[in-house]
Structure formats: structure tokens, C-alpha cells
Amino acid sequence: MYQLNQYSQSWVPSANGSMFPVQNIPFGIFSDQQSRRACSRIGDYIVDLSKLADKNLFDKTGCNVDTLKGSVLNSFISQGKGVTGKFRLRLAEILDLQNENIFRDAVQDCLIPVEQCVLHLPLNIGDYTDFYSSREHATNVGIMFRDPANALLPNWLHLPVGYHGRASSIVVSGHKIKRPQGQIIPKEGEPPILAASRQVDFELEMAFVIGKENEMGNSIPLSEARDHIFGLMLFNDWSARDIQKWEYVPLGPFLAKNFASTVSPWIVTLEALDAFRVEGPVQSPKPLEYLTPEISRNFDIQLEVFLNDKLICESNTKYLYWSISQQLAHHTINGCNMKVGDLCASGTISGPDEKSYGSMLELCWKGTKPISMDDGSTRTFIQDGDNVTMKAFAKNDHYCIGFGECSGVII
Ligand code: CA
């Protein structure tokens, strides 16, 4: 039986040492001259899965290959991890260097150089929830906008705070984002005006994809959360701080958040990330039993944000106080039913030091510490024409798992 391990290499030379080695095998949707269909990635190549599946190489995985011919991955994912996990391992086996003689000739014509392809939003996202799971971020925002002595609200250490966002405006990396207009208060004490937001910001987040439904009225226990989470995507929750500041009381974020969010094109599976599991921060007070976690609940995934090619933030998903399993267990504790393709984002991932803050709001501390750009200009928020690019990768001594870029220009 095939074993994928830390030493495995691919017969596709560009895979080895890249962000897309044989240990990654993420899933996405692409198009070339033909219509949209499912793909994976190995090194510098897109793997055309619908074409590959027609070669009868996946018969033993139980995968319905028709699910690879659709324009989104929902039906492929909904087959469950028993199928998709086997499919992923079989693909690794096919691309493994030790099997070059068996598969290379048959598979070669399913590899397309990545620059000849367009990557699309890989999911039909029915619902999108945004959490607020970084203690450092919640503390920073609390200090800036409320009370430094009581920066965290009383509920924060007891449950993963979140709100229901908008799925219709989630776009894949590369989409241009139009600066939103809305009600803002131009000066303290003045009445609101309708104007273009002057404080457009990014939020560095990681989102998880629901891969298995729960019936309405049933909860997903922490111990089963993993089975319901297909994989992770890098996520930018664009935010208009001036609109947010005026509108958010008392029901929370609304138009400041729903104009756009950007995701990376690849869904990286939990199986690819298992080698990077780490313990999360100590949780004190101890959460209620339904949220009491297993050990190693977080992932060591390095995160970077570039503003016009200047590296302005380095953070890590290991800082998250509430894990994705805890988020999902809490989301469904009331019987809320999740659907395949639903997306849950972590909330801004800030770390302990100033360079790890995951938003302009925190990096520039409410506009008081501008960032100097290479051309001599400064920024406190995002200007028209600015490009925000996020990158994520998990790395050990043997290989690196990348997410691709999550990039957008404000126009
Ligand atoms: Ca957010």
C-alpha cells in the first residue's frame, strides 16, 4: 500500500522544494480554453482532475468522477473524507517519484503550466461566518475603541465570538475591489455624511470549509469537528473602519464588512496540515465542557501581508485563542445546521508583537503610526491603487505547504 511521507518526492521536478510538493495536493477550480473544472496543483503545474479521472485511475477511491467536471467543488467535497481523502492520497501516489515509470506517460497530458490557467472561486459558498478568535486582535481593538483596563468584553474568554457575514461578495484572489461608500462621521460630534470610505483596511484571516453537513437541531461535538472540516483557505476580510465605527452599535458589523472578502484559490486539506499541529494558547478560565479541547488544537502556519510588495505583517495561525474545532462546535451547539461549502473565517490573526498585527488599524494604531512605503509616501489605511497580498505557508525541515496568494487591489 502506498505511503505518503515526509521524504516523498514527485517526478514533477518543480514540485520538490516548492510550496506545492506531493505532500500538499490542494483542491481548486480552473479554466483554460475550456470550461471551469476541478484541479489540483503540483509544483508549477495545474493538474486537470476531470481529464485525469477519465483514465480510470481513481476507481478504487469510490470517487464519482462526474463531481470533478462541475464549476465548483461542493459535490466533490460532499462525498465525505472517506472518499476525498483516498482520492488525494491516490493523486499523491500517481505523482510520486517512485511511481514515475507507472504513471508518467499516462498523466503527462493532464498537467498544464499554471500561467496558462485562470483560477476561480472553488466553492458555491452558501453561508459565511466570521469569528473574532485572536485574543491579541480583540485586545488591541478593545484598547483603541473602548477601555484599556477592560479591553476584552466579559464573554470573550468563554466563547468564540462571531457574526454572520455575507457570502455573495466573497471573491477569489486577483479581483479588484471597489472602495465602498457609506455613512461616516467626518469629525467627532458632527452629523453623518454619505462618502467614500477613507479608512479601508484588510483583515488577515484563515477560513475553514465545511465538508460535511449536520442535521438542523444537532450539534457537532468537538471530537467530530475534524470530520466536518474539509480544509483551509487564506482570507482577507476587507473592512471600512469609518463606516464600521458609526454603524456597529448595537448589532455589530454590517456594511463595513459585506462589500468584499477575498480568498486564496486553493483549499488546503486538514490532512496536508496535520504535520503542523501545535498547542494553542493556554485557555483560562477553562471553557465549558463542549469547548474543552484536545491538545494540539492549532496549526503552525506562517502568515505574511504585503502592501505594494512591502512586507508589513508577519503573523501565524498558532496565535489563535479559539481553534477551528472550537469555532465549529460552538457554531452548532444550538443546533444550527452547516452546509457543505459554508465558510467560517477566524477573525483577524494578530500575534503578540507589533509586526504581527493583522490589520492596518492595529499596525498603524488607529492612524497614529503611519507605515513608510518604499517610494517615500506613507499609509495609515489602504489607498486607491494599493495592492494587498497575503501569503500563508506551513514549513518543516522536509517540505513546505503553500496556500497560494490572496491578493486584491482597491480601486
Ligand atoms: Ca473579520
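Each residue of the sequence shown is one higher than the last, beginning at 1 in our numbering. Backbone N, C-alpha and C fix where the C-beta goes; we use that ideal spot for every residue, glycine too. Being a predicted model, the structure only gives us computed values, none of them experimental.
Whole-angstrom distance between residue j and residue i, CA atom to CA atom
i	j	result
A227	G211	In the sequence on display, residue 227 carries Asp and not Ala. Computed Cα separation, rounded: 8 Å.
N155	L307	34 Å
Q244	K257	8 Å
L286	T292	Reading off the sequence shown, one finds Lys at residue 286, where the question assumed Leu. Near 7 Å, if we compare the C-alpha coordinates of T292 and K286.
R36	G70	7 Å
V305	E203	10 Å
F208	S284	25 Å
P253	T61	43 Å
W246	G142	16 Å
P21	I193	52 Å
S50	F76	11 Å
F403	Q3	23 Å
S272	P221	Ser is not the amino acid found at residue 272; the sequence shown has Ala there. When rounded, the distance between both Cα atoms is 23 Å.
P250	F259	20 Å
C344	R379	30 Å
L95	T139	46 Å
R198	N24	40 Å
V161	S133	7 Å
E224	E362	35 Å
N396	S18	12 Å
L288	I333	12 Å
D377	D201	Note on identity: in this sequence residue 377 is Ser, with Asp being the wrong assignment. Distance between the alpha carbons of S377 and D201 is about 17 Å.
K178	A195	13 Å
Nearest-angstrom Cβ-Cβ length linking residue i and residue j, presumed shorter than 8 Å
i	j	result
C117	V47	Wrong, their Cβ atoms sit about 11 Å apart, outside the cutoff.
F30	L119	5 Å
T348	G358	4 Å
F131	S264	At roughly 18 Å, the Cβ-Cβ gap does not stay under 8 Å, so F131 and S264 are not in contact.
L159	H330	6 Å
G28	W266	5 Å
T389	S407	4 Å
S350	E136	4 Å
Problem - Any 3 or more C-beta pairs closer than 8 Å across the stretch 294 to 301 and the stretch 315 to 328 - result: With the cut-off at 8 Å, the stretch 294 to 301 and the stretch 315 to 328 touch.
Problem - Segments of 3+ residues assigned as beta strand (DSSP E) that fall wholly inside the stretch 219 to 302 - result: The stretch 219 to 302 contains these whole beta strand (DSSP E) runs: 229 to 236, 261 to 263.
Practice task
Examine the Cβ distances between the stretch 164 to 176 and the stretch 112 to 126 and report whether three or more of them are shorter than 8 Å.
Solution key: Because the criterion of three Cβ pairs below 8 Å is met, the stretch 164 to 176 and the stretch 112 to 126 touch.
Handout entry: Sufficient close CB pairs (3 or more, under 8 Å) joining the stretch 226 to 241 to the stretch 324 to 332
Key = Contact between the stretch 226 to 241 and the stretch 324 to 332 is present, because at least three Cβ pairs lie under 8 Å.
Exercise for the section: Determine, using beta-carbon pairs with one atom in the stretch 179 to 194 and one in the stretch 336 to 352, whether at least three such pairs fall under 8 Å. Expected result: Here the stretch 179 to 194 does not lie against the stretch 336 to 352, with fewer than 3 beta-carbon pairs under 8 Å apart.
Exercise for the section: Would you check if the stretch 77 to 86 and the stretch 274 to 285 touch, i.e. whether three or more CB-CB distances between them fall below 8 Å? Expected result: A contact is defined here as three or more CB-CB pairs under 8 Å, and the stretch 274 to 285 fails this definition with respect to the stretch 77 to 86.
Practice task
Determine contact between the stretch 373 to 392 and the stretch 137 to 155, defined as no fewer than three beta-carbon pairs at a distance below 8 Å.
Solution key: Contact fails: fewer than three Cβ-Cβ distances are below 8 Å.
Exercise for the section: Kindly confirm or deny that the stretch 9 to 27 and the stretch 50 to 59 touch, where touching means at least three C-beta pairs closer than 8 Å. Expected result: Fewer than three beta-carbon pairs drawn from the stretch 9 to 27 and the stretch 50 to 59 are found closer than 8 Å, and the two stretches are therefore not classed as touching.
Practice task
Please specify which runs of the alpha helix (DSSP H), each continuous and at least 4 residues long, are wholly inside the stretch 40 to 88, giving them in chain order.
Solution key: Here the runs fully enclosed are 49 to 53, 74 to 77.
Exercise for the section: Any chance you could list the beta strand (DSSP E) runs of at least 3 consecutive residues sitting entirely within the stretch 316 to 347, in chain order? Expected result: Fully enclosed beta strand (DSSP E) runs of 3 or longer: 343 to 345.
Practice task
Within the stretch 129 to 191, note down every full alpha helix (DSSP H) run reaching 4 residues or more, in order along the chain.
Solution key: Correct list: 135 to 145.
Exercise for the section: Starting from the N-terminal side, write out each stretch of the alpha helix (DSSP H) that is 4 residues or longer and does not extend beyond the stretch 349 to 395. Expected result: Qualifying alpha helix (DSSP H) stretches, in chain order: 360 to 363.
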